[in-house]
């Protein structure tokens, strides 16, 4: 039986919209949990989740959610609540039989339990590093963040550009369930549809996509997710002027999003890598799309995906426009077929067994 505890810091899947937490982080952690590697999962929700969230045990995932939320408005009160929760975490883990503790990311409050466990127990503490942006972690916060990464007994990073932060480190950019790869892939509809989803703003190429598609009326661009405030009027303008640009909103039911996803042939990944927030991006969403046999169009070529077939373009309107036009013209049918046939390499490099081996390798050093 496993000797490891996982601390994902998420809320249940059905509460993501209610508490405005990360859908991607929730999906990722649930996939990590589904490996069956961890014998205990303890989740303290993000500090901004309010007092309506209650501690409970989730039967289907085995996650024990713990929340001591008494303050509803004041930031100081929320921080004190979160400190109390971290002390509960230390008490609970200290008496647990497991010796390996895995944090999903780390923040300045989580660093309290991290340091107490590292210094005052015989437990090993590790970090599964998904979000790394040194430009937004400056001052005392950044120093705490980097201290934890360096002092961790090991780091498993999703971005290859974060390698070298810890002496015991491995990089895997995402996880794909083996059962998904063994299933039937989505058929190619030939309906000239493209999907850009997630937190929609100019960091992920929202206006770039709309600017390119406004001149390709025969192709349809679907947008799905929450839009940043500054881009809401821009999206309204584009969708009112161009009938082939359609905003579907945020799907509260993940199954509804999947219905749109499965009906779409091409998935767009358009992060602007010139923006500091994106410089340490990892292609987990690309892997997710490829696992369904989707054709992915990316504005960045990821070293982590060496040997994987996907369509590349430059981060310019002209390049994206030309790429989309050539894909719907029928001139690139060979490439499209290759992109739908990544099963072997995805199975070899990104499934549960790869992750389990990485966890074991880091814990053994």
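Residue numbers (our numbering): 92 to 456.
Note that the Cβ used here is the ideal one computed from N, Cα and C, for glycine as well.
{"query": "Starting from the C-beta of residue 151, find all residues in its chain whose C-beta is less than 6 Å away, skip the five residues before and the five after it, and write them out in chain order.", "result": "none"}
{"query": "Measuring CB to CB, does residue 318 end up less than 9 Å from residue 292?", "result": "yes"}
{"query": "When the Cα of residue 243 is compared with those of 395, 230 and 204, which residue comes out closest?", "result": "204"}
{"query": "By the three-class DSSP mapping on this structure, what secondary structure does residue 127 have?", "result": "coil"}
{"query": "First and last residue of the alpha helix (DSSP H) that includes residue 388?", "result": "Counting along the chain, residue 388 falls outside any alpha helix (DSSP H), though it belongs to the beta strand (DSSP E) covering 386-389."}
{"query": "Quick one: grab the DSSP three-state call for residue 260.", "result": "strand"}
{"query": "Can the beta-carbon of residue 325 be found closer than 9 Å to that of residue 297?", "result": "yes"}
{"query": "Which class does residue 220 belong to by DSSP, given the choice of helix, strand or coil?", "result": "strand"}
{"query": "Would you give the residue range spanned by the beta strand (DSSP E) that residue 282 belongs to?", "result": "Segment: none, residue 282 is in no beta strand (DSSP E) and carries neither H nor E."}
{"query": "With DSSP as the reference, label residue 93 as helix, strand or coil.", "result": "coil"}
{"query": "Tell me whether the region 354-368 and the region 337-344 touch, counting them as touching only if at least three CB pairs, one residue from each stretch, are closer than 8 Å.", "result": "no"}
{"query": "Under three-state DSSP, which class holds residue 289?", "result": "coil"}
{"query": "In terms of DSSP beta bridges, what is residue 455 paired with?", "result": "For residue 455, which the question treats as bridged, DSSP gives no partner whatsoever."}
{"query": "Is it buried or exposed for residue 455, if we count other Cβ within 10 angstroms and need 16 for buried?", "result": "exposed"}
{"query": "Once you ignore the five residues that flank residue 277 on each side, which residues in its own chain have a CB closer than 7 Å to its CB?", "result": "353, 383, 384 and 385"}
{"query": "Grab me the residues of residue 241's own chain with a C-beta within less than 8 Å of its C-beta, minus the 5 sequence neighbours each way, in chain order.", "result": "256 and 257"}
{"query": "Express the C-alpha separation of residue 223 and residue 411 in angstroms, rounding to a whole number.", "result": "28 Å"}
{"query": "Taking 9 Å as the threshold (C-beta atoms), are residue 359 and residue 406 in contact?", "result": "no"}
{"query": "Once you ignore the five residues that flank residue 417 on each side, which residues in its own chain have a CB closer than 6 Å to its CB?", "result": "423"}
{"query": "Based on the DSSP output, what are the partners of residue 63 in its beta bridges?", "result": "Look at the range of the chain in this structure, 92 to 456, and you will see that residue 63 is not part of it."}
{"query": "Counting Cβ pairs, one atom from each stretch, are 3 or more of them under 8 Å apart for the region 123-132 and the region 142-161?", "result": "yes"}
{"query": "Can you check which of these residues, 114, 127, 116 and 275, is closest to residue 448 by C-alpha distance?", "result": "127"}
{"query": "Give a yes or no on whether the C-beta atoms belonging to residue 174 and residue 200 are separated by under 9 Å.", "result": "yes"}
{"query": "At least one CB of chain D closer than 9 Å to the CB of residue 304: is that the case?", "result": "No chain D appears in the structure shown, which is made up of a single protein chain."}
{"query": "Note down, one range per segment and in chain order, each beta strand (DSSP E) of at least 3 residues found wholly within the region 164-213.", "result": "191-195"}
{"query": "When DSSP labels each residue in this structure, what does residue 114 get in the three-state scheme?", "result": "helix"}
{"query": "Candidates 209, 214 and 400: which alpha carbon is nearest residue 429's?", "result": "400"}
{"query": "According to DSSP, residue 245 sits in a beta bridge with which residue or residues?", "result": "217"}
{"query": "Can you find the residues in the same chain that come closer than 8 Å, C-beta to C-beta, to residue 465, ignoring five residues on each side of it along the sequence?", "result": "Any property of residue 465 remains undetermined from this structure, which presents the chain solely from 92 to 456."}
{"query": "Under a three-way DSSP split, which group does residue 313 fall into?", "result": "strand"}
{"query": "Where residue 245 and residue 217 are concerned, what is the direct C-alpha to C-alpha distance, given to the nearest angstrom?", "result": "5 Å"}
{"query": "Can you tell which of 93, 239, 299 and 230 has the C-alpha that lies nearest to the C-alpha of residue 207?", "result": "239"}
{"query": "Are there 16 or more other CB atoms within 10 angstroms of the CB of residue 143, so buried, or fewer, so exposed?", "result": "exposed"}
{"query": "Tell me whether residue 120 sits in a helix, a strand or coil according to DSSP, three-state version.", "result": "helix"}
{"query": "Name the DSSP bridge partner or partners of residue 134?", "result": "156"}
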